[in-house]
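Visitor: Protein chains in written order, with the numbering used here: chain A, 4 to 120; chain B, 4 to 120.
Can you keep this structure in mind? I'll have questions shortly.
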DNA sequence: TGCACATATCGACAAACATCGTTACGATGG
DNA sequence: CCATCGTAACGATGTTTGTCGATATGTGCA
């Protein structure tokens, strides 16, 4: 996208923005985290895990969410890939728990007050 | 999806989940907020606004994001609809600023420590 | 009034996504 | 070893979403 910059007379409406803006990579990484939570089913999963002090069996989410086993597995995968969940196999069951560190990182992201200077 | 429930011997792997789970409406509302931020361009917009103590002209975002005017307008609309941005027309320009109240609400959402009990 | 400009909206298109039935993988228990 | 059961992966399908060019709307200015 090449723009004709031969004249400078188009700068009229406002002052330059902050110089320390997010890079493409930072913005994409942040968006990926939010994307992992951008679904009601995944919000419920995180909520259920946040209110449980013990890992939760995958089978619990199926009735709790009212979705098929395949769909629940899909959502658990998305959250795990995003780093928000930890997966712990126990025999033939899979137990999931919140990655508290990732949750803290997420909390730091939206903690704007410090960013506001 | 009708399941044969004539016997109860399938309850074996874990204990019941917390009773105070999110409702469908709560989960959807929360997901909608995250969905608004689930895009790198929108993350950048919020970041730029968070680091500016004054409203920012819409035209600033076009070079900052490297996207077309139509696309930038689309993203600003999404964020505004989600309640995260405030739109203020000034003559033929449109100025945007962060809705600090909505940002605080978002911060409260991911502030898990209290939910962890 | 009419032109120039900033922004919003429309229509279209490709990519990503949620959902599910089915199948494959692994572990348990007889 | 075989049958069973829980979970993950595959393939398909309908929906949503990001992107852009073109057009419409609306404002300021000569």
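The C-beta atom is built at its ideal place from N, Cα and C for all residues, glycine as well.
Is residue 87 of chain A near the ligand ZN, in the sense that its beta carbon is under 7 Å from a heavy atom of that ligand?
Guide: Looking for the ligand ZN in the displayed structure turns up nothing, as the structure carries no ligands at all.
Visitor: Would you report the Cα separation of residue 22 of chain B and residue 50 of chain A, rounded to the nearest angstrom?
Guide: The count along the second chain starts at 1 and reaches residue 22 of chain B at position 19. The count along the first chain starts at 1 and reaches residue 50 of chain A at position 47. Since pLDDT at residue 22 of chain B reaches only 44, below the 50 mark, its modelled position is unreliable, and no value is offered.
Visitor: List the residues of chain A whose Cβ lies closer than 7 Å to the Cβ of residue 31 of chain B, in chain order.
Guide: If you number the second chain from 1, residue 31 of chain B lands on position 28. The answer, in chain order, is 43.
Visitor: Using the C-alpha atoms, what's the distance from residue 59 of chain B back to residue 75 of chain A?
Guide: Here residue 75 of chain A refers to the residue found at position 72 when the first chain is read from its first residue. Here residue 59 of chain B refers to the residue found at position 56 when the second chain is read from its first residue. About 41 Å.
Visitor: Residue 78 of chain B: buried (16+ other C-beta within 10 angstroms of its C-beta) or exposed?
Guide: Reading the second chain from its first residue, position 75 is the one you call residue 78 of chain B. With 16 or more Cβ atoms within 10 Å of its Cβ, residue 78 of chain B is classed as buried.
Visitor: Compare the C-beta of residue 99 of chain B with all C-beta atoms of chain A and state if any pair is closer than 8 Å.
Guide: Taking the first residue of the second chain as 1, we reach residue 99 of chain B at position 96. Chain A contact via Cβ: absent.
Visitor: How would you list, in chain order, the residues of chain A whose beta-carbon sits under 8 Å from the beta-carbon of residue 2 of chain B?
Guide: Chain B is shown from 4 up to 120; residue 2 of chain B falls before or after that span and cannot be answered.
Visitor: Can you name, in chain order, every residue of its own chain whose Cβ lies under 7 Å from the Cβ of residue 90 of chain B, other than the five neighbours on each side?
Guide: Sequence index remark: in the second chain, residue 90 of chain B carries index 87 (1-based). Contacts found: 83, 97 and 99.
Visitor: Please list the partners that residue 25 of chain A has in chain B, where partner means a Cβ-to-Cβ separation under 9 Å.
Guide: By 1-based counting over the first chain, the position of residue 25 of chain A is 22. 43, 46, 47, 50 and 51, listed in chain order.
Visitor: Can you grab the Cα-Cα spacing for the pair residue 45 of chain A / residue 94 of chain B, in whole Å?
Guide: Here residue 45 of chain A refers to the residue found at position 42 when the first chain is read from its first residue. Here residue 94 of chain B refers to the residue found at position 91 when the second chain is read from its first residue. The alpha-carbon atoms of residue 45 of chain A and residue 94 of chain B are separated by roughly 43 Å.
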